[in-house]
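Data block below; observations after.
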Amino acid sequence: MAGQASTSRPSPPGACPQWLEGDIAFLTQSENMSSKDFEELISRQGNKGNRAGYIPWRATGHPVIVLKRLSEDSTHVLITPVSAYSWERNGRRPPWCQRQHQSKRQVDFRSFVGTERADDTRPFLRLQPGQTMPKNNSSWVYIQSVWAVPITALCVFTGSRTVLTVHPESLEDLRQHMAAECTSWDDGLRRLAAAAPAPAPAPVPHRRPGPKTDGPLQSRQEGGRKGRPLD
């Protein structure tokens, strides 16, 4: 599915749009998820009471880019979060300059237009014309964070009055970067495929019944031949 949504597509109050590739949605806070979504994504209990499921609970409650959706009927999508790692308390430093993120490679961060770039060889990520990120000077994507999630775990990103959408060129560039460098990319694709709805069975063709070749009809035909006078 192409992620070329209208730049003026409104955020419907109280409802979720039909998420398209490139859309920026919001990953529901773990404590607000349905029990089914929580069980699938968060629930496994880790050491010291920390959740250690498929998705870290701290990754919830963030805007996310819909990277891939296999069809309109798909129940799951592939996502990556957009995070504002920089604020006043940490001196507005980019994530690769912060102690808690020093284990992450600087080149694994992608920046939206207006945000400090981690790698000058990579282009800025852009939204559709006329759109900007609400935090346009601190919006990064960490390419190692990729997950397949149920669409029911997504809601509208209220940071914008319209559904923000990544420009198709930026989306494709980001996906290619992740396919080449993200260690969990293939796992995400496998999970996405495994969650795809099964195809509907092919319809059985209707066959019209043909004429009978035995029984009373055949007996009458044979009887007719026996009683026909000779010329």
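Position one of the sequence shown corresponds to residue 1 (full-length UniProt numbering), numbered consecutively onward.
We put the CB at the ideal spot given by N, CA and C, even for glycine.
Status (buried if at least 16 other CB within 10 Å, exposed otherwise) for residue i
i: A59; result: buried
i: F124; result: exposed
i: Q75; result: Checking the displayed sequence, the identity of residue 75 turns out to be Thr instead of Gln. Exposed, by the Cβ-count rule.
Residues sharing a beta bridge with residue i, DSSP
i: V166; result: L127
i: W185; result: Answer is none; W185 lacks a bridge partner.
i: W147; result: I79
i: D23; result: T165
i: L41; result: Beta-bridge pairing links L41 to no other residue.
Span separating the alpha-carbon of residue i from that of residue j
i: W19; j: Q98; result: 33 Å
i: R126; j: S184; result: 24 Å
i: P94; j: S138; result: 8 Å
i: V107; j: M33; result: 32 Å
i: T28; j: L154; result: 6 Å
i: V166; j: P201; result: 36 Å
i: W96; j: D187; result: 25 Å
i: N50; j: S43; result: Unreliable positioning characterises N50 in this predicted model, as indicated by a pLDDT of 46, which lies under 50. A coordinate reading is not provided.
i: N47; j: L41; result: Residue confidence for N47 is low, a pLDDT of 42 falling below 50, so the modelled location carries little weight; the figure read from the coordinates is stated next. When rounded, the distance between both Cα atoms is 17 Å.
i: V113; j: K68; result: 22 Å
Residue range of the beta strand (DSSP E) that includes residue i
i: W57; result: No beta strand (DSSP E) holds W57; DSSP gives it neither H nor E.
i: K68; result: 63 to 68
i: F109; result: 109 to 111
i: W96; result: Neither: W96 is in no beta strand (DSSP E) and is coded neither H nor E.
i: V141; result: 140 to 142
Option nearest residue i by Cα separation, candidates the options
i: Q136; options: L164, L174, S103, P201; result: The identity of residue 136 in the sequence shown is Asn, whereas the question assumes Gln. Taking only the C-alpha atoms, the option nearest N136 is L164.
i: Y142; options: G130, G61, H177, L70; result: H177
i: S103; options: E31, Q144, S35, A195; result: Q144
i: A24; options: V156, E181, G53, F38; result: As written in the sequence, residue 24 is Ile, which differs from the Ala given in the question. For the residues V156, E181, G53, F38, the minimum Cα distance to I24 belongs to V156.
CB contact below 9 Å: residue i versus chain D
i: D119; result: Reference to chain D is not applicable here, since this structure consists of a single protein chain.
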